[in-house]
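**Q** Once you've had a glance at the structure underneath, I'll fire off some questions.
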Amino acid sequence: MNKAGFSGKPQNSSNDLGDDIPVAVRDTPDATPKIWLQPRIILIGGITGFILLALISGFLFFVTAPKKTADSQPSPTSSTPTPTTESGNVNTVLGHFPYPEAPESELVTISANRGIRMRKAAAQKFEEMVAAARSAGVILVPISGFRSVKDQEQLFFAVGAQRNQTPAERAALSAPPGHSEHHTGYAVDVGDGAVPATNLQTNFDKTKAYQWLQANAARFSFEMSFPKDNIQGVSYEPWHWRFVGDRDSLEMFYKARNLKPAKIPQ
Numbered sequence: 059m060n061k062a063g064f065s066g067k068p069q070n071s072s073n074d075l076g077d078d079i080p081v082a083v084r085d086t087p088d089a090t091p092k093i094w095l096q097p098r099i100i101l102i103g104g105i106t107g108f109i110l111l112a113l114i115s116g117f118l119f120f121v122t123a124p125k126k127t128a129d130s131q132p133s134p135t136s137s138t139p140t141p142t143t144e145s146g147n148v149n150t151v152l153g154h155f156p157y158p159e160a161p162e163s164e165l166v167t168i169s170a171n172r173g174i175r176m177r178k179a180a181a182q183k184f185e186e187m188v189a190a191a192r193s194a195g196v197i198l199v200p201i202s203g204f205r206s207v208k209d210q211e212q213l214f215f216a217v218g219a220q221r222n223q224t225p226a227e228r229a230a231l232s233a234p235p236g237h238s239e240h241h242t243g244y245a246v247d248v249g250d251g252a253v254p255a256t257n258l259q260t261n262f263d264k265t266k267a268y269q270w271l272q273a274n275a276a277r278f279s280f281e282m283s284f285p286k287d288n289i290q291g292v293s294y295e296p297w298h299w300r301f302v303g304d305r306d307s308l309e310m311f312y313k314a315r316n317l318k319p320a321k322i323p324q
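Okay, so the sequence shown: first residue is 59 according to my numbering, each after it adds one.
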């Protein structure tokens, strides 16, 4: 049997064609898409996670954030409100209403030689009023402006003792500490420079200064605090005027003006 043409290698058949392709060559097409897909999967997963995290955070913020209601109102930044009783009457001491003490940062001098001070808004209008009066031949002189609670203690207790006055008698002339309009920096006692003998006296109402104030003070947002027969029962003080030309001063004084003192149980 002639074996010269036998090569020792088996003949390939149609069923074995795939085996003729090397392993490395057969695997190459599968490797390329796997390498390309991995970054895409990571990127998509990261974006999806970020979106989910944002949605969860937004939901938690919505749930925990304070809700605005019709009753929610901004807190006032002005003075301390006047305390009232259940009946709507205001608590007083011997007929005087409680007032807060003006902050030092709000006070400016209106009379350099006497160190008299008022709040900025009130001081500006008072100086305008003094200038207008002077152009009419009237000399308005500030006698007293801002007084601290400590100053009022000295005025109320020491002077009351010197004059042998009871607290009730003294209260008719001067407010107890913590209850004076002078604490606010909006009040000022005014005299007539031409008739100084009438300073802090009821006959001040006979002076040109008083008459000019009666006719013109409202133009500068000043009004007399204690007219005759006032509801607080404070003695008539034609020299005592207060500024009501801004929101803080208006609210502060008109609460006191429109409320009746609370009755003290016997």
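Glycine residues also receive a C-beta, built at the ideal position from the N, C-alpha and C atoms.
Could you round the C-beta distance between residue 160 and residue 243 to whole angstroms and report it? I think they count as a contact, below 8 Å.
**A** One-based indexing of the sequence shown puts residue 160 at position 102. One-based indexing of the sequence shown puts residue 243 at position 185. That pair is a contact at about 3 Å.
**Q** Which term fits residue 168, buried or exposed, when burial requires 16 or more other beta carbons within 10 angstroms of its beta carbon?
**A** Translated into the one-based positions of the sequence shown, residue 168 becomes position 110. Buried, by the Cβ-count rule.
**Q** Take the Cβ of residue 310 as the centre, count every other Cβ of all protein chains shown within 10 Å, and call the residue buried at 16 or more, exposed below.
**A** For the purposes of this step, residue 310 is taken as residue 252 along the sequence shown, with counting starting at 1. Label assigned to residue 310: buried.
**Q** Taking the straight line between their C-alpha atoms, what separation do you get for residue 300 and residue 283?
**A** To locate residue 300, count along the sequence shown from 1; it is residue 242. To locate residue 283, count along the sequence shown from 1; it is residue 225. Going by the C-alpha atoms only, they are around 6 Å apart.
**Q** Can you tell me whether DSSP reads residue 260 as helix, strand or coil?
**A** Translated into the one-based positions of the sequence shown, residue 260 becomes position 202. Reduced to three states, the DSSP call for residue 260 is helix.
**Q** Which one of 230, 186 and 210 has the shortest CA to CA distance from residue 289?
**A** Residue 289 sits at position 231 when you count from the first residue of the sequence shown. When each option's Cα is compared against that of residue 289, the closest is 230.
**Q** Provide the residue span of the alpha helix (DSSP H) that contains residue 170, from first to last.
**A** Walking along the sequence shown from the start, residue 170 turns up at place 112. No alpha helix (DSSP H) contains residue 170, which DSSP labels as neither H nor E.
**Q** Is DSSP giving residue 177 helix, strand or coil here?
**A** The count along the sequence shown starts at 1 and reaches residue 177 at position 119. Correct three-state label for residue 177: strand.
**Q** Am I right that residue 201 and residue 248 are in contact with their C-beta atoms under 8 Å? What's the rounded C-beta distance?
**A** For the purposes of this step, residue 201 is taken as the residue at position 143 of the sequence shown. For the purposes of this step, residue 248 is taken as the residue at position 190 of the sequence shown. Going by Cβ atoms, the distance from residue 201 to residue 248 rounds to 7 Å, so yes, they are a contact pair.
**Q** How many Å lie between residue 246 and residue 181 at the Cα?
**A** Position 188 of the sequence shown, counting from 1, holds the residue named residue 246. Position 123 of the sequence shown, counting from 1, holds the residue named residue 181. If I take the Cα positions, the gap works out to 10 Å.
**Q** For residue 195, which of 298, 257, 250 and 263 has the nearest alpha-carbon?
**A** Residue 195 sits at position 137 when you count from the first residue of the sequence shown. Per the Cα distances, 250.
**Q** With 16 other CB atoms within 10 Å as the buried threshold, where does residue 296 fall?
**A** Working through the sequence shown from its first residue, we reach residue 296 at position 238. Answer is buried; the Cβ neighbour count reaches 16.
**Q** What are the start and end residues of the alpha helix (DSSP H) that includes residue 300?
**A** Sequence index remark: in the sequence shown, residue 300 carries index 242 (1-based). Where residue 300 is concerned, there is no enclosing alpha helix (DSSP H), although the beta strand (DSSP E) it sits in stretches over 295-301.
**Q** So the beta strand (DSSP E) residue 200 belongs to, where does it begin and stop?
**A** Within the sequence shown, numbered from 1, the residue matching residue 200 stands at position 142. Element bounds for residue 200: 198-202.
**Q** Looking only at its own chain, which residues have a Cβ that is under 7 Å from the Cβ of residue 234, when we skip the five neighbours before and after it?
**A** Mapped onto the sequence shown, residue 234 falls at position 176. Excluding positions up to five away in sequence, the list reads 151, 152, 154 and 214.
**Q** Taking only the alpha-carbon atoms, compute the straight-line gap between residue 210 and residue 238 and give it to the nearest angstrom.
**A** Position 152 of the sequence shown, counted from the first residue, corresponds to residue 210. Position 180 of the sequence shown, counted from the first residue, corresponds to residue 238. C-alpha separation (whole angstroms): 8 Å.
**Q** What does the Cβ neighbour count give for residue 173, buried or exposed, with the cut at 16 atoms within 10 Å?
**A** Indexing the sequence shown from 1 puts residue 173 at position 115. Its Cβ having fewer than 16 others within 10 Å, residue 173 is exposed.
**Q** In terms of residues, what are the limits of the beta strand (DSSP E) holding residue 249?
**A** Residue 249 sits at position 191 when you count from the first residue of the sequence shown. Looking at the DSSP string, the run of the beta strand (DSSP E) that includes residue 249 is 245-250.
**Q** Kindly indicate which three-state DSSP category residue 151 falls into: helix, strand or coil?
**A** Walking along the sequence shown from the start, residue 151 turns up at place 93. Strand at residue 151.
**Q** Does residue 260 pass the burial test, meaning 16 or more other C-beta atoms within 10 Å, or should it be called exposed?
**A** Here residue 260 corresponds to residue number 202 of the sequence shown, with the count starting at 1. So residue 260 ends up on the exposed side.
**Q** Quick one: what does DSSP say residue 281 is sitting in, helix, strand or coil?
**A** Position 223 of the sequence shown, counted from the start, is the residue given in the question as residue 281. Strand.
**Q** I need the boundaries of the alpha helix (DSSP H) containing residue 218, first residue and last residue.
**A** Taking the first residue of the sequence shown as 1, we reach residue 218 at position 160. Residues 217-220.
**Q** Is any heavy atom in the ligand GTP found nearer than 7 Å to the beta carbon of residue 177?
**A** As for the ligand GTP, it is missing from this structure, which has no ligand bound.
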